[in-house]
Amino acid sequence: MAEVVVDRVTKRFGDVEANRDISLTVPNGEFMVLLGPTGAGKTTLLRLIAGLEKPDAGSISFDECDVTDDPPAQRNVSVVFQQYSLYPHLTVFDNLAFPLRAPVRRVPESEIKRRVEEVARLVRIDHKLANAATRLSGGEMQRVAIGRALVRRPSIYLMDEPLSSLDAKLRAELRVELKHIQADLGATVLYVTHDQVEALTMASRIGILEQGRLVQVGTPQDIYERPANIYVAGRLGIPAINFLPVDALPVEGAPQRTAKVGARTEHIELVPAVDGPAEVVLVEHLGSENFLHLQVGPHKLVTLVPPGERWHSGARARVTLRRPLCFDTAGQLLVA
Amino acid sequence: MAEIDLQNVQKRFGDFTAVRESSFTIRDGEFFVLLGPSGCGKTTTLRMIAGLELPTEGKILLDGEDVTYKRASQRDIGFVFQLFALYPRMTVRENIAFPLKCQSVPRAETKRRVEEVAKLLRIEHLLERSVSGLSGGDSQRVALGRALVRRAKACMMDEPLGALDAEFRHLMCVELHALHDRIRATTVYVTHDQTEAMAMADRIAVMNHGVVVQIGSPQDIYDRPSAMHVAGFIGSPPMNFLRFKSSLAQGQRSVQLNGAAIRVPTLRQAVAEGELALGVRPEHVTISDAGEIRGEVFGVEYMGTMQIVTVNTKHGQLKARIPSRQRVQVREAVGLNFDSERLVVFDAVSGSALKSRLFEESADG
């Protein structure tokens, strides 16, 4: 495993600046997640690190060794893509062994067997090693694809939305598994996703990308509790954070220059009141909780309430915002 | 609008029984969701109601009228599919107006109704646009518009949001729900996505292997699942099951797991020695040093205000949903406590919930 340093990297495709002056360090053993919507430049950055693209400016180094001009094969990286591509004519075992059997690697067969079996246990596919790759479920195939990356000991594992083609239940399972495997191996991982839940739950640190720029890097807790600006705040939280002008509702603990407040469930105090300014327009059941959709004058507000609190459409409430996130006119976070 | 009544409806395809004797009533104006994994018979049920399949046995009544053997076109039912087929050469207006044109509705009346529906769906500004350039969401709104403009007795929707990405699907869910609140059309909605079902349904019918396992309001099904299939299908993460072996007597108020006595809602039913499962929702678990059930933390997932902690125990893996401010480390040995009022004991062989005081509470409590 290695420390990966991206130094002032810019990448253009024609007129589009896919990555603009990005500097980022992924320390050895870290699970770094790049989060951003489609087109933010996260896959480009991953491809630059893999060597599948060359930067127009800046450099990339692995353990203080400049690899900017090295082709992918010399960089010793492992990549997992969203679309698992297994060799359909090979068994699960042979698919997993494939990277080790490359002529340049010359790994002895007994060593291959040992490592394949170890990885198969890790990704829980050891009971299907003799199966044809085509006779697996989607989740099993993706576990083989992940296993094929893990069987090598590269400088860094690069993963591009590896879970997004799976159904919700399996995704939730593999999130925990993947994080566990990474911690066990002490692996350095750069993981790209547009799914905030994956970022929050798996990352040691998250890098937030916006239109080719890296706008904030920090632990999930940092980014959730102290987002640098409105854009970052809007990327995290279920339900999504509510943005309101500072004078829309009574606010406690807003600094002087506040122009806009960002309120999450934990900042919102609701009291039922027939003459309250907020009206419940919709109650959405989750089971464990309810999403309450409120209308306050021209503004909408969504918050979570326990199912025991019996709100219904048309009910009214008074709302107080306690110590919400506060932003200035430029959208930057103000610290009280 | 209409009430739909299914009486002992069955559907076989050769040797395969897609739907086993089902009887239930969909109330007038209700948003009724058929929920289950693929192959459970939910789409076949919907297609029989719509008249696209004939039942092998049983009867279907629409507002008291037997329509079992009537064609789809004679049933007055609107339909929205997952892959919305719009006419690509027509404008939004022409697409929505199409069903009315087929029924030879006068032009002025057509114009009025199309505009009314477009307003309801907030796509008035798109009426003269060609549908070929529309976003996924707008296309879906046009497809909905085409189903609604007929003012059919009922509207059938087969995974209409399945093709959309997660964030957008949630947005459309909210919109559909609000739309139904306004027009109150009897709606039968098929999905395999429990969050969609929970968010929108007045009542949910959970199906498995061609059988309706449970029917109830979202909260009722969530709080009082009648079977492990239902409990494990609903909730994210779904209900945990701790496996144990025991016999239980009627009136018993606790169960023994590895010597620890766990309080449960008073049992109203006795069972002989056998495989059982204790059902616990993740939000009803607390982690403390003094917990009766011991385990080791396998994973911690930060979610902002809350975190999900995965714990390995002797009775299986369990997920707890607890506030993020509580510090928990991977590999830490922890104790677990449960909210005893909310536990469900299941017969792990048949999968059925054992009767207990929990099931006697009010249905929407």
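Taken in order, these protein sequences are the chains called A and B.
Note that the first sequence covers residues 1 to 336 in our numbering.
Note that the second sequence covers residues 1001 to 1365 in our numbering.
We put the CB at the ideal spot given by N, CA and C, even for glycine.
Just so we're clear, the structure is a prediction, and the values are computed from it rather than from any experiment.
- Pairing V1255 (chain B) with L1086 (chain B), the inter-Cα distance amounts to about 57 Å.
- Taking the C-beta atoms as reference points, G1295 (chain B) is found no nearer than 8 Å to L1242 (chain B).
- Distance from the CA of E1124 (chain B) to the CA of G1137 (chain B), rounded to the nearest whole angstrom, comes to 14 Å.
- Per the C-alpha coordinates, the member of B:G1232, B:V1206, B:V1345 and B:G1210 positioned closest to Q1250 (chain B) is B:V1345.
- Shortest Cα-Cα distance from C65 (chain A) to any of A:T43, A:N76 and A:A57 involves A:N76.
- Boundaries of the beta strand (DSSP E) around V280 (chain A): A278 to H285.
- With fewer than 16 other Cβ atoms inside 10 Å of its own Cβ, D63 (chain A) counts as exposed.
- Taking 9 Å as the upper bound on Cβ-Cβ separation, chain A lies near residues I1234, G1235, S1236, P1237 and P1238 of the stretch 1234-1245 of chain B.
- Between the beta-carbon of A1050 (chain B) and that of I1026 (chain B) there is about 12 Å, and that puts the pair past the 8 Å contact cut.
- Each of A:D21, A:V5 and A:V4 was checked against the Cα of R12 (chain A), and the nearest Cα belongs to A:D21.
- Sixteen is the threshold: since fewer than 16 other Cβ atoms of the shown chains lie within 10 Å of the Cβ of R1327 (chain B), the residue is exposed.
- Contact note: T1305 (chain B) reaches chain A through R264, T265 and E266, using a C-beta cutoff of 8 Å and chain order.
- Rounded to the nearest angstrom, the gap between the Cα atoms of Q1007 (chain B) and M1048 (chain B) is 12 Å.
- Comparing alpha carbon positions, the residue from A:L214, A:T188, A:V92 and A:L200 closest to K42 (chain A) is A:L214.
- Distance check between T265 (chain A) and each of A:F291, A:N229, A:R105 and A:L48 places A:F291 closest, using alpha-carbon atoms only.
- Fully enclosed beta strand (DSSP E) runs of no fewer than 3 residues occupy 242-245, 260-263, 268-272, 278-285, 290-296, 299-305 and 316-322 of the stretch 242-323 of chain A, in order along the chain.
- Counting only Cβ-Cβ distances below 9 Å, F1031 (chain B) has no contacts in chain A at all, with the closest Cβ about 12 Å away.
- Only exposed fits C1102 (chain B), as fewer than 16 other CB atoms lie within 10 angstroms of its CB.
- According to the DSSP assignment, P1323 (chain B) belongs to the beta strand (DSSP E) that extends over G1316 to P1323.
- Per DSSP, the beta-bridge partners of S1356 (chain B) are B:L1267.
- Across the set A:V261, A:A57 and A:G14, the C-alpha of A:V261 shows the shortest separation from the C-alpha of C326 (chain A).
- For the stretch 1284-1318 of chain B, residues whose beta-carbon sits nearer than 8 Å to a beta-carbon of chain A comprise F1298, G1299, E1301, Y1302, M1303, G1304, T1305, I1308 and T1310.
- Per DSSP, the continuous beta strand (DSSP E) segment holding R213 (chain A) begins and ends at R213 to G218.
- Within the same chain, and ignoring the five residues on either side of S164 (chain A) in sequence, the residues whose Cβ sits closer than 6 Å to its Cβ are Q82.
- Among the CB atoms of chain A, none fall inside 8 Å of the CB of Q1214 (chain B).
- Neighbourhood of G237 (chain A) in chain B, by CB distance below 8 Å: G1304, in chain order.
- Proximity of K179 (chain A) to chain B, defined by a Cβ-Cβ separation below 8 Å, is satisfied.
- Interface with chain A (8 Å Cβ-Cβ cutoff): D1181 (chain B) is included.
- Closer than 8 Å to the CB of V217 (chain A) there is not a single CB belonging to chain B.
- Look at the stretch 31-55 of chain A and you find these whole runs of alpha helix (DSSP H), each 4 residues long or longer: 42-50.
- Shown here, A132 (chain A) sits in a strand according to DSSP, grouped into three states.
- Of all residues in the stretch 219-236 of chain A, only P220, Q221, Y224 and L236 place a beta-carbon less than 8 Å from a beta-carbon of chain B.
- Residues of chain A with a Cβ closer than 8 Å to the Cβ of V1174 (chain B) are, in chain order, L282, E284 and H293.
- By the 16-neighbour rule on beta-carbons within 10 angstroms, A1205 (chain B) is buried.
- Y1189 (chain B) is outside the set of residues whose beta carbon lies under 8 Å from a beta carbon in chain A.
- Per DSSP, Q1010 (chain B) is one residue of the beta strand (DSSP E) stretching across I1004 to F1013.
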